[in-house]
Every structure is written in structure tokens, then in C-alpha cells.
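Data first, discussion second: the structure below is written as C-alpha cells.
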Amino acid sequence: MAQMNMVQAINDALRLEMKRDDRVVLLGEDVGKVGGVFRVTAGLYDEFGEDRVIDTPLSEGGIIGAAIGMSIYGLRPVPEIQFSDFIFPAYDQIVSELAKYRYRSGGEYPCPMVIRTPVGGGIRGGHYHSQSPEAQFIHVAGLKVVCPATPADAKGLLLSSIRDNDPILFFEPKRVYRAAKGEVPEGDYTVPIGQAKIVRPGEQVTVVAYGAMLYEALDAANKAAGQGIDCEVIDLRTLWPLDIDTVIGSVKKTGRVVVVHEAPRSCGLASEIVTLINEKAFLHLEAPPKRVTGFDTPFPYTLENEYLPLSHRIVPAIVETARY
Amino acid sequence: MAQMNMVQAINDALRLEMKRDDRVVLLGEDVGKVGGVFRVTAGLYDEFGEDRVIDTPLSEGGIIGAAIGMSIYGLRPVPEIQFSDFIFPAYDQIVSELAKYRYRSGGEYPCPMVIRTPVGGGIRGGHYHSQSPEAQFIHVAGLKVVCPATPADAKGLLLSSIRDNDPILFFEPKRVYRAAKGEVPEGDYTVPIGQAKIVRPGEQVTVVAYGAMLYEALDAANKAAGQGIDCEVIDLRTLWPLDIDTVIGSVKKTGRVVVVHEAPRSCGLASEIVTLINEKAFLHLEAPPKRVTGFDTPFPYTLENEYLPLSHRIVPAIVETARY
Amino acid sequence: MTTDVHATAATARSTSQRKPEDVLADDVVRVLSPDGTLIGEDPGLTDEEVVLLYRAMLRTRLVDERAVLLQRQGRIGFHIGSLGEEATVLGTAFALRESDWMFPCYREFGGALFRGMPLQRYFDNLFGNANDVAKGRQMPDHWSYRDKRLGSVSSPIGTQMTQAMGVAWAAKLRGDPLVAIVYFGDGATSSNEFHNALNFAGVYRTANVFVCRNNGWAISVPTERQTASDTFAQKGVAYGVPGVRCDGNDVFAVVRATRAAVARAAAGEGPTLIEALTYRLSGHSTSDDPSRYRPEAEVDPWQALDPLRRLRLFLQDRIGWSDADQARIEAEVQEELKRVIDVAEKTSAPPLTSLFDDVYADLPWHLREQQEELALGPRAPKGH
Amino acid sequence: MTTDVHATAATARSTSQRKPEDVLADDVVRVLSPDGTLIGEDPGLTDEEVVLLYRAMLRTRLVDERAVLLQRQGRIGFHIGSLGEEATVLGTAFALRESDWMFPCYREFGGALFRGMPLQRYFDNLFGNANDVAKGRQMPDHWSYRDKRLGSVSSPIGTQMTQAMGVAWAAKLRGDPLVAIVYFGDGATSSNEFHNALNFAGVYRTANVFVCRNNGWAISVPTERQTASDTFAQKGVAYGVPGVRCDGNDVFAVVRATRAAVARAAAGEGPTLIEALTYRLSGHSTSDDPSRYRPEAEVDPWQALDPLRRLRLFLQDRIGWSDADQARIEAEVQEELKRVIDVAEKTSAPPLTSLFDDVYADLPWHLREQQEELALGPRAPKGH
Ligand SMILES: Cc1ncc(C[n+]2csc(CCOP(=O)(O)OP(=O)(O)O)c2C)c(N)n1
Ligand SMILES: Cc1ncc(C[n+]2csc(CCOP(=O)(O)OP(=O)(O)O)c2C)c(N)n1
Ligand SMILES: [Mg+2]
Ligand SMILES: [Mg+2]
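Residue numbers (the numbering used here), protein chains in the order written: chain A, 1 to 324; chain B, 1001 to 1324; chain C, 2001 to 2384; chain D, 3001 to 3384.
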């Protein structure tokens, strides 16, 4: 085990898989010599050469369209979108093509690939370097969506993702790229897609979170404990298809739930989770499920910390839910 | 009052507003001489000339980007996207630019426009001529989303939309473009944005629907009445911001709700509605809210009627909810 | 509003920019004149090869006509064909090597059949039946056939271009000496994808042949509304990609231009953009009524330039191709058509459960639940 | 994997394609040599005008340097500047008429200030304070100023191009004889937007001036990776839009090229694509460390081509511009800077409720609820 931050853990996973599988190629803006604007691909250009770590022209649609072709041909492309805010020029290739390729060809053309992209706020990025667009992909059938919160999960989920046979959006919570540190197993190490993790067992309120907000949820749970409320905190890890059993199991136990995410509230993932809980654990609910999320505004610059669903906003939600 | 179908009603609204306000311009693929592939703009090219009814090159991003510029300049563009399935090449301009323009400029650059586009299944259009992407726009702050179900509402809402000061996605349910017929007030006639309509009052189960599925919901309500279940059917008309009072008022009365839409289920508008009901009428709920929606697959061709949430699927949901 | 600035455009608008005389320009590769005589360097095909090509073009047309008929009879829901564009479709397909990949737009079923896609398979798609490889999930004319390296047809305009570039790029990274040809219309040159595909192809010198079927129209929008560039071929200049024009109704010209481009790509010299000047004789698809936007008078001169007629005249002259020869092939194709349509039509609809297969490699819990929900629930009413 | 095919590219990759000697090409408009002597037809500016221009360029540079400093001191969060590109930014702005519109990329604050955006307003944006017209919602250098027809800066690359085309198109439809200039980098030519903007502009002959600031880099990606076309100007060929190249470090050349393009557009003759050959002397932004991808040796020759130095030499020669003149202006600007920064820094953060304004024209119920939720809830911890 080595102590790593999330950037290092992802870098480690990429290096490992590129060594193991020569079909893996990285492509994107600035992923080559400079190693990505967050330095996630640092060193890989030197190690694997410019045919496997490829700087591209400035076009996300071109990157994903090319990656689809590569995948069809049998490579395992891992395109990077520099910020998830800039994924929209590629949205048509992703939702109209990538997501539907296997289906529309009756399985002749599966299109496995992992689209890596930094997500979320916390770096004072304003409107366009802070967004969390996961719901815009979850709603689209055919895509899987992953978002690790810890370095070890980042490595393990990325390796699983590259080996998976479906297209995957791999969202990297950039607020904790360097802040999240931890032990990361060396060598080959996978975390299965589709499994959430109970990171803090508890009895009274279920708190569902993922990515950078997991730490806020944990912090809030600790603070709630100070008020005598015992929270169970779930790290979703895979956002879609989500680990319904873990979520429902917990809610059946606690009867109370708070769902946290940075993305805007309306039609966000929290609304799906609340609805699934209604459908599968209605009679267990002892309080209305609560959402603590980004607001339905563009992501702001100066007031970023007021926008984000940080611990100070999660605590009252937990308390209110517990006391309902 | 004149008897019209929805195509005629929309055409009527466009003609009326183009006469009244010379800032209104239509642009899109095939909207000119041929009058649109659904003939919604028929006759307008001849009447208003090619400077106000403009055939464009084949690029949705170009159409919306140009329309943003036109709106900034002070025109009132009404771009058409030929099928809402083809809106995705313009998605970046819509979500990154159009939706945020007013906000990011502190109100200096409001960007009113109405993006008209046929939506939904029912014409054997397969993957790419059938989709319902409304949730992908509702999740994005700054956009309004409208979807009429009747010719009169289509006219009244379109006129309100063109006069509104925010950007609006105006989804036209093509399954009932010609099938929906009804009296349409002549001359100037508006229906306010943000107001749902109770199209069938009832006491036992609230059924929320919109667009083409409204007719299926009504049919289901009639069939349920045959089994002694009295449904209240709400036509949302404006999908976002939705008429929360009408929905919550109804659910507080009935305690039971079924939400219907064609779009895929997960992270769809129904999940938002169910969650809002949880937040605002939790203690009134006597049964878990139910969703009857498209499935989480691409839209199919041959099995289209199995995919769509038609009356035959709504009835059992109503019954189950009523008997819960 | 001022309208004067558009005055000339308005006048020009009633006809497409694609005029028959365009092919007479100096830079257009031409081999076979409309009356079937050679006017340029022929691509050196044997008589057998020419007959093969002619037969494929004829088969394409007969299949096309039958599909339109089936649609008119309400037996299939839709068809989009290649009437008048057969020389472009078949000439390019002919010039391709078996190891090469072909990424279709939506009018290239003729090329796919030529490369070996079974006719039955094509009609199973048109009928959207249980034997359709895609389980009737897509509209008619949206097929795929990986065995023969034929891509998957989708509706969104242009997307296949960027993907075909990615395939050629991947092949190059792998050291595989193959070429990916990709088809698109004049309208598609306005899409984001044209820009991305050509730009990346130029930068990475991918082995692509980009075939622009310039058929004069994008549904009702004439080529002059698509772009202000004089030709589509010259768009290559923006990407460091050579552009070539050829008479798209002249199958020999198409073969020559394509062979040169394939050879160039295979030699590692990079992509070529081919603009094939042809004309869409029919409506855009069975859903379209072209009389609303183009006068029959515009179409008339194109009838005389019909690519089949031209090649038949050549064959008459060269090998004494007779009416009996013609009739024999037609009969063969009709026979074949009867057989496959019969089977396709009798085949049942895809099973309910197939709705949920192939969304992912494995069925996740939520789709398993939805599959069950559908299976246990009532059946939908038939038809519309 | 084969790598041979890329061998040359790999070697070339370590430097940008933007080499100083590029400007010597025949088709590049040049007026002022690096030593300040006239080598081409000058645009006929009065001495006062030249001083005005020089002052604006100098002010731009001083503002830029101060903004970098503020960022390094942690007083603002970010800055993206125009070091070395001032002649392109100011020369184009100078050539514009007051009635024209200007759509910035993100390096054009100098042009905006020149057109009359108050310096205070600019720094209010850099600090994201309560006086910022956009209420601190956007990152630094993302400003707007409708009064002077200055568009709204956004981060997504290229989007402003298509919008500027729409503005010019609308003006044309209205019969208003104005021009919309729009800025973008070499990298942005690869975006969907370049394609859409140029294509529509060509078809509708909009009064646009498209200014490509070819500064050699898109963050760490050199121009040669952006496209295989020899120049960016030649990309106009794809759209029927004339392309012009000028020495982007030569403010007179920039003025000449822009004036010609503006005149052409204003006369209804349609759009022009200008490629200004310049060089990004600094990192991409304060977040970037260019030493990771480009050797200092590449930058060195560009220092001698500095647009300010060049114009200063010219002024020395022409009107005896002295060190004292220089010092006076610098002092004026520094004084002005001190004043506005002081105010900007002391101004409070935008009020909480402003988070919800301007999403829509009116506050809908759900935002009213969220506004209340935020107002009644606990405050966020300060800082990060
Ligand atoms: C992105 C997108 N926008 C619009 C359409 C609707 N549409 C289908 S075909 C077509 C015209 C295509 O013209 P062209 O590229 O010239 O090809 P042709 O049909 O003439 O072969 C249009 C607008 C579509 N399929 N995809
Ligand atoms: C759509 C999009 N993709 C990626 C980025 C990240 N990004 C910001 S600036 C930049 C490089 C731009 O280069 P260029 O167009 O040459 O302009 P320059 O910065 O050199 O002036 C990139 C990749 C972005 N802002 N938008
Ligand atoms: Mg065409
Ligand atoms: Mg640049």
C-alpha cells in the first residue's frame, strides 16, 4: 500500500492498464507533454509515446467521435475532457451515438470506452469550470456513470471501468484531487462497478453522497453525532446503475434519508434516488427524504461556498430529518 | 373560434405574431419554401419572405448560435429544430450559452427566444425521430420548458412564449400534431406560462401528464372510472418551472398520484415531481407515487407501442395506486 | 426589414445549384459521357467487372423501387433510397478493398449488398422483424454488418464521419494498412462532424476517403444555401486534405477517383475528400414530396444523365449487351426479391424482452425490473 | 503499435509552428518592422492617433502585469492576459467604428478598455465583488459591457463566433450598417463554432470580421497539432470567405487589415477572416506553467518582436517620444490602477440573494424557495 492523492491514484491506474493492455490509448486536450491541466496524465507521454498519449485539436466532439471509431476498431480509448463543463460539444456523439451503438447494432458494435473528466466545484472555477452534469448522462440509456471519492476507489474503479464492456463516464471530483489522500493498493486492484459503500454505519438517518461531497456528508454526520444523531453515510461510487440494494437496505433500517449532491436540484440524481426510495421503501419512510444540493442557478464564482451543499447545509437537513 | 389541429394552431400563432411584431424571425432546416417537414410553417415563407422565414444550412449549433446573436441584437428568433432528437449538436449553445446569458451578464444580455421542436414518439420514428429530451433541459437553470397538448394551448402558449423574456424550449408533441383537434380562439390569445390545467377533476387519484400522453392519461382515467376509480387529470402544459400549486393541491386532496411521460424513467421529470410531492405533501400520501414512463432504453421502432406509456399501462398503475 | 440584399439569392433559390453542366468544369474527373462513350481515361476494368458493376447498380435500383412500393403499400414504414446516385454508391464500393471499412450515410444499401450483406438481412431491417440483427429497434435503412466491415447507420447527420476517422486512426496506430471510406451528403458538410472529421484526419493523416454525395439537395434546401464555397471539394483546403471532384453519375469516373484516393490512403499519404456530382432524382425519402419545393423541370435534364442508362449504352457498345441480358438480370433480381420479402414479411416481430437487451453488455437491475414490468403487464394495442 | 509514421511529427512537436519568420511570407500584411521602421503602406494615422494607440497598448500591458501580480499575491483568483498580443487586440479595436459590435474571446480586455469600458468595472469583475455587473458570478476576465456593444465573455471556446455571426445577420436583416468583430484563438478554429460561424457568415454574407489571434499555442498544444492546413487564413476557402494574414505584432498591419475588412463588411460585401500572426509570451493563464511544455529558447526571439517596443521605436523616430513621455504615461496608469484596485478590493462580496437574480427575468417559485432556504440557513465557511 502506498499513500497517494487522487491524482496520483488515477495516474497509477492509467499507467498500469496501459502497460497491461496495449489497446489502451489516452487522447484529449493537453494530456500529452504537459500531462493534463490537472497533471493527471503526467509522465505517461514520456513513458508510452505520442501514439498512446495523444494531444488533440481543440474539439471535444472530435475527441469523442474519434474515440468511438477507435473503440469500434478494437482499441480501448480513454478520452479526457478537460473540464466536464466542456463535454457539451461532444454531447451529440455521446448521447446519440456512443450510448446507442450496441443497442442499435444488435450487439455488433459495442463501444467500450472511459471518458475521464474532472467534475464539480471547489476550485473557484465559476460557471464553466465547476459544473456537475451527471444527471444529463444518467437520463440517457446505455451509459454508465462512475464518480469515486477516495484515491483507492479512483484507482480501483478506473481499472474496472477500462475493462468494462460498456461506455462509462468517469467523473473525477477535482475539489479533492489533491486533498483526498489515502492508502492505495499497489499493482492490479479493482473495485466493482455498481457497488456503493457504507463508509459510516449508523442507525438513524441515511446520508447518500458521492464525489467531493462525501467528505462534507461525513463531516456533517460527525457533527450530527454531536447532537446525538447516528447517521449512516453511503458513498455511491457508481452513480448509474446505482447500487439500489445498499441504498434501500439502509433506508429500510433508518426510515430517514438525506441525499447530497453538487449538481442543480431539479431533475438531478437526488430526485431519482428519492423516487426509487418511494417505490421500494415507502412504508419504511418516517420522514420526507431530503435533498441538499446545488441550487437551480448557474454555478457562481464568488459565492461558490454558499452554492455548494457543504457540511453546514447538510447538518440542519440531517437534524430536521431526524427530528421529523 | 375555429376548429384546428395542432399544426394549424401553431401556424396560426406564428403568423399572428409575425404580423404583430416584425422582430420575429423563423429559422431552421426546411422551414422555408416547403414549410417544415411537418408543414408547421407552411405558407409563412410566401407571406413573410425569406428574410423572416429562413432556410439554414444543416447545423443545429449554427441555428441556435445564430439565434442567440439575433436575440442579443433585439430580434425575437423562433428557431426550429427539425426533430428534438437533433437538438444535441446545439446542446452546448443552449446549456452553456443561452441558459446562462442573462445571469452571467448581470441582466445586460437577456436572450429571449423560442426553440420550437417536435417531440416524442408515435410516428414510427425509431431511435432518432421519437425522443423526449425535456429533462435534459429542465435540469439546466435558466431555461423554461413548455409542452402543449391541445391546439388551443399550443397557440396560446406559443404566443406567450414568444413574448416571454426568457429562453424557452417549446416541445410540440408530434404524435398528436394532426390527431389533436379542437376549438382555437381566433386572433390574439395567450395562455400563461407556468399554469397547469386540471382537465378532468376527480377525487381519488391524481394523474399528471403532458403532451401526447395527456390523451392516454385521459383515456386511462375514463377506463379507471369504469372500475369505480375517480381520477383527477392534470395537464402540466408548462414543464418548467412547473405549476407546483396545482400539483400539490391535487395530491393533498387525493393522496395518490401517477405521473406519466414518454421520456426514459431515470432522472426524468416524473422523478422530480415525485420528489417535490414528497417534500411538500409527504403526510398526505396514502400510496407511493407511481411513474408510468418510457423505459430506460433507446426508443425502439417495431415495439414502439410497447415502449410508450399508453393507456393500457396507465390503467393498472392507477388501479394499483388506488387500491394500495 | 430590408430585403434588397437578398434579391439575387431569392431568385436563384428556386433551383438547386447542382446543375448538369457543373460536371463540365475542368477539375471534374469524367470518363463516360451520358451517351455511353469514353471521354476520359477509363479505369481499366475487364468486361466481367463492368458487367458486375452494372448488375450491382441495376440490382440496387430494383431493390430501391421495390422498397418504395412496399412503403406505398403500407407494408414497411419508410424507405430512403439512392435513385440516380447509384454510380456514386457502387463505384466507390467497387474501388474499395475487402479489408477496408465502409461507413454509410443512409443511402448506401447498394454498396453494402455489393460488399456481401445478404439481401435477406437488408429486408429484415426494412420490416424490423425478429431476424433483424438490431431486433427492429431502428427505422428501415438503418442496418449494420460487421462481418463485412460495414458500419451502423444512424440518423443524426454526419456523426459517422468522425467515427470513420477514428477507425482509420486506430488502424494506423495499430499498423494495419486499411482504409475507411465514409459517405455523407452535401448538407452534411455543414455539420460539426464534417469539420471535426476532416480536421483530425488532416492532422493525423488518417487513411480515410471522404465521399460527399453532392446530390443538389438536403431535403428541400438547395446546395447554394449550404455553403458559399464554390465547390465542396475545395473545403479540403481548410484541413490540408486534397479535394477531388468527379462526375458522380459516371461510374468509371467514380471508380477512378476512389481508387486513387484509396491508393493514396493505403500508402500512408493521408485522407482525400471526394465530391461526387450527382443528383437526387426522387424525393428525400418516402416521407417527402419534392413537388413542394422543386419544379419537375429541374429534374428532367438529369434523367438523361442517368448513371444506369449510361453504363448500359457503354455495355451495348462494348460487348453487345442485349435486352435479353437486361431482362435476365431483372428477372433474377425480382425472383430474389420475392423470396426475401416473403420471408421477411412472414417473420414475427421481435420478442418483447429484446427491448431491453443490448442496452448494456449485461442487464442491470433497473432494466431487469422494467423488462418484468413490461412482460407481466398488458399488451399494447396493435398499429397506430 | 507502429510509431514510424509519426516520427517527424514527434520531432517537430517540441516547438510551436508559430515561428517568427512566418510573418515574412508574401501574403502577410506588414507595415512596421521590429525596429520600428516602416516597411509597408502605413494606415495613415495622425501622430495623435498613434500616441493614443501606443498609450492603449501600454495601458493594457500595465493592467495585465498588475493583474498577474494580484493573482500571485492571492488577491484575485485568476487572470488571463494578452502579453505580446497587444497589437492584435488594440489594432483591431482601433479600426472598429463606435457603432460596431465587438465579441471578445477572453484576452481582449485591452480592447474593451479602449472602447470605453471603465477600468473600475474591469477590476470589479476581477475581484468578483458586489459592484461587478455580473455580481461576481463569473471568473475574472469574464466581463460584458453592453453600452459599448461589447459582448459577454464566456469560457467555452468558440461559442462567441456563431453568436457574433447572428448579431451581424440580425443587423443586416434590420438594414443596420454595422459590423461585428469577433476574436478567437488558433485553437478555437478546431471548434464546431468556427465551422458554423464561417459557414453561415458565408451563406448570408454577414458583416463580420473574424479575428484569429494565432499566438502559436492552445494551452500546451502547438498550432501544428491544431490543423494540417498551412495557414488559418486559408480556412476561409471552405466557406467562400476571404482570408487575410497580417503580422499580429505590428499594430499598423493589424489596423490596415482590420480597416479593410470592416470597410468590406460595411459595404455589404460580406465577412473576412483575419489571421493575426502573434505569439503568447506568457503562460496560457495564471494557472499555467509553460516551462513544462515549451523551452524558453522558443520564446526568446519573440521578445525582440514585442509589439510595444516596436511602436515605441517608431514614436521615438517620428515624434521624439522620450523616456519622460513613457514615464508619464506609466505613472498615470499606475495611479489609475491604484485607485480602482483600492475600491474594488474594499467593495464587499455580492449579496447572498444575488445568487438567484437574473436566472430568469422574474424569480420563479422554486428559486424563491431556494433563496429563502439559503438566506435562513447557516453561512458557509469563508475561503477554501
Ligand atoms: C443532426 C440532424 N439534423 C437534421 C436531420 C434531418 N435530416 C435528415 S436528412 C437531412 C438532409 C441531409 O442532406 P444531405 O446531407 O445533402 O444528404 P442527402 O439526403 O441529400 O443524401 C436532414 C436535414 C438529421 N437527420 N440529423
Ligand atoms: C469547449 C472548451 N474546451 C476546452 C476548454 C479549455 N481551454 C481553455 S483555453 C484553451 C486553449 C485555447 O487556445 P486558443 O484558441 O489558441 O486561444 P489562446 O488561449 O491561445 O488565446 C482550452 C483548451 C474550453 N475553455 N472550452
Ligand atoms: Mg444532399
Ligand atoms: Mg492560441
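Backbone N, C-alpha and C define an ideal beta-carbon position, used for all residues, glycine too.
These figures come from a predicted structure and were not determined experimentally.
Between C/ASN2192 and chain B, is there a C-beta pair that is closer than 8 angstroms? yes
Please state whether DSSP places A/GLU203 in a helix, a strand or coil. coil
Does C/ASN2199 pass the burial test, meaning 16 or more other C-beta atoms within 10 Å, or should it be called exposed? buried
Looking at chain D, is there any beta carbon in it that lies within less than 8 angstroms of the beta carbon of A/THR302? Yes, A/THR302 lies at the interface with chain D (some Cβ there is under 8 angstroms from its Cβ).
Using the C-alpha atoms, what's the distance from D/LEU3374 back to C/THR2133? The question names Thr, yet the displayed sequence has Val at residue 2133 of chain C. Distance between the alpha carbons of C/VAL2133 and D/LEU3374: 54 angstroms.
Of all Cβ atoms in chain B, is any one closer than 8 angstroms to the Cβ of C/TYR2293? Using a Cβ-Cβ cut-off of 8 angstroms, C/TYR2293 counts as an interface residue toward chain B, since at least one Cβ of chain B sits closer than that to its own.
For B/ASN1165, return the contacting residues in chain D, with the cut-off set at a CB-CB distance below 9 angstroms. TYR3360, ALA3361 and ASP3362
Given a threshold of 16 other Cβ atoms within 10 Å of its Cβ, counted over all protein chains shown, does A/ALA2 qualify as buried or as exposed? exposed
With 8 angstroms set as the bound, which would you pick, yes or no: does the beta-carbon of D/GLN3370 sit closer than that to a beta-carbon of chain A? yes
Among the candidates D/GLY3040, D/GLY3240 and D/LEU3113, whose CA atom is the shortest distance from the CA of D/ARG3030? Comparing Cα positions, the closest option is D/GLY3040.
Straight-line CA distance for D/TYR3293 to B/GLU1080? Approximately 45 angstroms, taken between the alpha carbons.
Taking B/GLN1082 as the query, report the chain A residues whose CB atoms sit under 7 angstroms from its CB, ordered along the chain. Per Cβ cutoff of 7 angstroms: no residues; B/GLN1082 is ~14 angstroms from chain A at best.
Residues that D/GLY3202 contacts on chain C, provided the C-beta gap is smaller than 8 angstroms: THR2227, ALA2228 and SER2229
Have a look at A/ALA209, A/LEU236, A/GLY202 and A/GLY211 and flag the residue whose alpha-carbon is nearest the alpha-carbon of A/ALA225. Nearest C-alpha to A/ALA225: A/GLY202.
Can you tell me which residues fall inside 7 angstroms of ligand 2, judged by beta-carbon distance to its nearest heavy atom, and keep chain order? A/GLU29, A/ASP30, A/LEU58, A/GLU60, A/GLN82, A/PHE83, A/PHE86, A/PRO89, A/TYR128, D/CYS3105, D/ARG3107, D/SER3155, D/PRO3156, D/ILE3157, D/GLY3158, D/PHE3184, D/GLY3185, D/ASP3186, D/GLY3187, D/ALA3188, D/SER3191, D/ARG3213, D/ASN3215, D/TRP3217, D/ALA3218, D/ILE3219, D/ARG3280 and D/HIS3284
Could you pull out every residue in the same chain whose Cβ sits closer than 6 angstroms to the Cβ of A/GLY133, ignoring the five residues on either side in sequence? At residue 133 of chain A the sequence reads Pro, which differs from the Gly that was named. Here the set comprises SER84.
Write down every uninterrupted run of the beta strand (DSSP E) in the region 1117-1146 of chain B whose length is 3 residues or greater and which is fully enclosed by it, in chain order. 1144-1146
Nearest residue (CA-CA) to B/ALA1141, options D/ARG3379, D/LEU3367 and D/GLY3166: D/LEU3367
So that I know if they touch, is there some Cβ in chain A lying closer than 8 angstroms to that of B/ARG1200? It does not: the Cβ of B/ARG1200 has no partner Cβ on chain A nearer than 8 angstroms.
Does the distance from the C-beta atom of A/THR293 to that of A/ALA263 stay below 8 angstroms? yes
Taking the alpha-carbon positions, what's the C/LYS2019 to D/ALA3265 distance? 30 angstroms
Are the region 172-191 of chain A and the region 204-222 of chain A touching, with three or more C-beta to C-beta distances below 8 angstroms? Between the region 172-191 of chain A and the region 204-222 of chain A there are three or more C-beta pairs closer than 8 angstroms, enough to call the two in contact.
Could one say the Cβ of A/LEU75 lies closer than 8 angstroms to chain C's Cβ atoms, at least one of them? yes
Span of the beta strand (DSSP E) around B/ALA1196: B/ALA1196 -> no beta strand (DSSP E), and no H or E assigned at all.
Using 8 angstroms for Cβ pairs, my map puts C/TYR2145 next to C/ALA2171. What's the rounded Cβ distance? So it is not a contact: roughly 18 angstroms between Cβ atoms.
Verify whether the separation of the beta carbon atoms of D/PHE3109 and D/TYR3122 is less than 8 angstroms. yes
For A/TYR103, the three-state DSSP class (helix, strand or coil): helix
With a Cβ-Cβ cutoff of 8 angstroms, do C/MET2165 and A/ALA66 count as a contact? Cβ atoms of C/MET2165 and A/ALA66: closer than 8 angstroms.
What three-state label does DSSP hand C/THR2272 in the structure shown? strand
In this structure, does DSSP put C/LEU2277 in helix, strand or coil? Correct three-state label for C/LEU2277: strand.
Looking at chain C, is there any beta carbon in it that lies within less than 8 angstroms of the beta carbon of D/TYR3145? no
Secondary structure, alpha helix (DSSP H): runs of 4+ residues fully inside the region 1045-1115 of chain B: 1060-1073 and 1101-1104
Opposite D/TYR3183 in the DSSP bridges: which residues? According to DSSP, D/TYR3183 bridges with D/VAL3211.
Could you tell me which of A/ARG76, A/GLY107 and A/PHE38 sits nearest to C/PHE2356, measuring between CA atoms? Taking only the C-alpha atoms, the option nearest C/PHE2356 is A/GLY107.
D/GLU3332 versus D/ALA3261, D/GLU3021 and D/LEU3058, residue with shortest Cα-Cα distance: D/LEU3058
Distance check for B/LEU1308 and B/GLU1017, CA to CA, integer angstroms please. 34 angstroms
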